[in-house]
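Chains as they are written, first to last, in this note's numbering: chain R, 1 to 493; chain H, 1001 to 1167.
Every residue, glycine too, gets a C-beta built ideally from N, C-alpha and C.
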């Protein structure tokens, strides 16, 4: 009995989110079934946001800390749930005005269950929990990606996502079973103690590669990125924004946890000329491929969603650099980078969603002359694009700067300099395609006689808030970094 | 004797597994489903060798029995004549074989070089229902409950996607 109570208090935020999901389903079925669609979406969406808000308040107000075989709840993991919940709320708000489905209750319930998967992923301590939470997240996202039943694009995207995801999950499970065979346990810190003092077995490297496949898929790191462009393009826009933001933050965090707390001894080195086998060279390969493939392919895109997908692949590459840095900086650089990136990309998708609402597609030409009709929206898009490119006063710049300096500082000093140089060159290339979007918005004349987006108040407020977050975190990065480093100081993980 | 049985069941599992996806004689989906039943049954044999009797029984009852019947229903309800006529592309086949063979060779080489699991104690629990139930509701209570959420998501998703949208 005691055990269950312990779990219940430690997982109260997750329980709140899951209970809200069930409440949303029941409300939609019982109370508002016959009401007009706008009311149904409004009510169920509001409940979903309130549930996430309540969970956030709980996380902030009720400190909790437990470390068991399955679960690790610490101030750090609790804090990471706050941006995840915020991202969920933003995605829910942006769905309010979308008309891609008539099933409001199911939509928000699945969104909330995906959020619960994200939160559980963050505080999992055993590989089994990590796998199950990952499956909860993935299954919800597959269903969400297929929500738009008016055309084939959404179903095709979902099917592709599902097949790729299932295959990579199978590889990850195989890898996890091999790790269990080697270490005899699935709890992260127990694995670390069992592996300590033994020479690393060759089969362990095979297990490592296989386990990484599933995570590389979730992060959309090359060569496991093939699903990303189709899914970002085909899935409903709020869903695509959630896939691009929330699931990335959680996947990066849990990957860092696995690598840094379970396999600290199998690190290896990624420096040029002095390779030692381990996970660092694997991440290095993923990072290089992602940066090159993402940036090169993004240049030729004419659809803004596909462009954002390839840019997401490139950004996964930059963020992987943070993991290669020394333990001291790796986690704070990674968290700062992924969180600011998530808010930025969510904002960019929100603007794309608003443009699509006016009956347009998301191709570059559809953005022509946006600044004449929607100056505020255009300015926000400018902020998001420049932040993604890494232009100074915005948070994207500081994130990249921190990641690159942390990677360059890795002991032995400057051993990863070539990677950093490559990353800087890649992000210089990326400026070209971000500016392509801005050129359409600001410099090209609009097509005559076409409908223009009239974003709803909620969407406008959300976009402006996201832009404000991006600007503020760029000007005062200490707001976020101070908190992260304080949390990292107080507990090891 | 034990080792003999192990190799027998393992070989059967692999052979039937291959025949599910690449049967050289027929491309009839029903035959594939039948070979899947055989794969599951031989896997159950492996479970018995590990003293996991309950798991073996459940494997046959639930997977080979209930789930496969549903599989067959779906296959027979769908019109899969097209699938039968479709040829496997030679390039894709060669590439797939090369990839699978490469991974298999790599795994064999790597496992032969390692002496993993030597220092580990054999599992203490026998696979009885009592032990299994205790484990599920104490040590593994959390993942067990989580799986119910995964099933809920799968259910909502399936109902939603298979429903016809009346516009």
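Exercise for the section: Have a look at residue 437 of chain R and residue 369 of chain R and give me their C-alpha separation to the nearest angstrom. Expected result: 11 Å
Practice task
Just the C-alpha distance for residue 170 of chain R and residue 425 of chain R, rounded to the nearest angstrom, thanks.
Solution key: 36 Å
Problem - Cβ-Cβ distance between residue 378 of chain R and residue 442 of chain R below 9 Å - result: yes
Problem - CB contact check: residue 1017 of chain H to chain R, cutoff 9 Å - result: no
Exercise for the section: Please go through the region 422–460 of chain R and give each complete alpha helix (DSSP H) segment of 4 or more residues, from N-terminal end onward. Expected result: none
Practice task
Quick one: using the 10 Å Cβ neighbour count with 16 as the cut-off for buried, is residue 1155 of chain H buried or exposed?
Solution key: exposed
Handout entry: Partners in chain H for residue 177 of chain R, counting only beta-carbon separations shorter than 9 Å
Key = Near residue 177 of chain R there are no residues of chain H at all, since even the closest Cβ is about 12 Å away, more than 9 Å.
Handout entry: Own chain, CB closer than 6 Å to residue 1056 of chain H, minus 5 neighbours either side, in chain order
Key = 1044, 1047, 1048
Practice task
Quick one: residues in its chain with C-beta nearer than 8 Å to the C-beta of residue 1068 of chain H, no 5 flanking neighbours on either side, listed in chain order?
Solution key: 1033, 1036, 1037, 1040
Problem - Contact check, residue 395 of chain R vs residue 273 of chain R, beta carbons under 9 Å - result: no
Practice task
Could you check if residue 1144 of chain H is buried or exposed, using at least 16 other CB atoms within 10 Å of its CB as the buried criterion?
Solution key: exposed
Handout entry: residue 96 of chain R: first and last residue of the uninterrupted alpha helix (DSSP H) it sits in
Key = Taken as a continuous stretch (DSSP letters only), residue 96 of chain R belongs to no alpha helix (DSSP H), as it is neither H nor E.
Practice task
Answer yes or no: do residue 115 of chain R and residue 52 of chain R have a C-beta to C-beta separation smaller than 9 Å?
Solution key: yes
Problem - Cutoff 9 Å: residue 136 of chain R Cβ touching any chain H Cβ - result: yes
Exercise for the section: Have a look at H/1153, H/1042, H/1109 and flag the residue whose alpha-carbon is nearest the alpha-carbon of residue 205 of chain R. Expected result: H/1109
Exercise for the section: Could you please give me the residues that DSSP links to residue 1115 of chain H through a beta bridge? Expected result: Answer is none; residue 1115 of chain H lacks a bridge partner.
Problem - Three or more C-beta pairs below 8 Å linking the region 400–407 of chain R and the region 328–343 of chain R - result: yes
Handout entry: chain R contact for residue 1032 of chain H (CB, 9 Å cutoff)
Key = no
Practice task
Pick helix, strand or coil for residue 308 of chain R, following the three-state DSSP scheme.
Solution key: helix
Practice task
Compute the beta-carbon to beta-carbon distance between residue 289 of chain R and residue 222 of chain R, rounded to the nearest angstrom, for a pair I have assumed lies under 8 Å.
Solution key: 4 Å
Practice task
Kindly indicate if chain H contains any beta-carbon less than 9 Å away from that of residue 110 of chain R.
Solution key: yes
Problem - Contact list for residue 143 of chain R against chain H, beta-carbon separation under 9 Å - result: 1153, 1154, 1156, 1157, 1158, 1160, 1161
Problem - Nearest-angstrom Cβ-Cβ length linking residue 341 of chain R and residue 399 of chain R, presumed shorter than 8 Å - result: 7 Å
Exercise for the section: Rounded to whole angstroms, what's the CA-CA distance from residue 197 of chain R to residue 147 of chain R? Just pull it up for me. Expected result: 51 Å
Exercise for the section: Return no unless some Cβ of chain R is closer than 9 Å to the Cβ of residue 1060 of chain H. Expected result: no
Exercise for the section: Show which residues of chain B have a CB atom less than 7 Å away from the CB atom of residue 1107 of chain H. Expected result: In the displayed structure, chain B is absent; the protein chains listed are R and H.
Exercise for the section: Taking only beta carbons into account, state which residues of the region 63–93 of chain R come closer than 8 Å to chain H, listed in chain order. Expected result: 69, 70, 71
Handout entry: Segment contact flag, the region 92–103 of chain R with the region 38–47 of chain R, C-beta cutoff 8 Å, min 3 pairs
Key = yes
Exercise for the section: Please report the residue range of the alpha helix (DSSP H) in which residue 119 of chain R lies. Expected result: 104–122
Practice task
Return the bridge partner residues of residue 269 of chain R from the DSSP annotation.
Solution key: R/276
Practice task
Residues of the region 194–219 of chain R with a CB closer than 7 Å to any CB of chain H: list them in chain order, please.
Solution key: 201, 202, 203, 206
Handout entry: Inter-residue spacing [alpha-carbon to alpha-carbon] between residue 353 of chain R and residue 54 of chain R
Key = 27 Å
Exercise for the section: Pull up the DSSP beta-bridge partners for residue 495 of chain R, would you. Expected result: A question about residue 495 of chain R goes unanswered here, because the residues of chain R that appear run from 1 up to 493.
Practice task
Taking residue 140 of chain R as the query, report the chain H residues whose CB atoms sit under 7 Å from its CB, ordered along the chain.
Solution key: 1153
Handout entry: Closest Cα partner of residue 57 of chain R within the set R/297, R/68, R/13
Key = R/13
Practice task
Could you tell me the distance, in whole angstroms, from the CA atom of residue 367 of chain R to the CA atom of residue 464 of chain R?
Solution key: 18 Å
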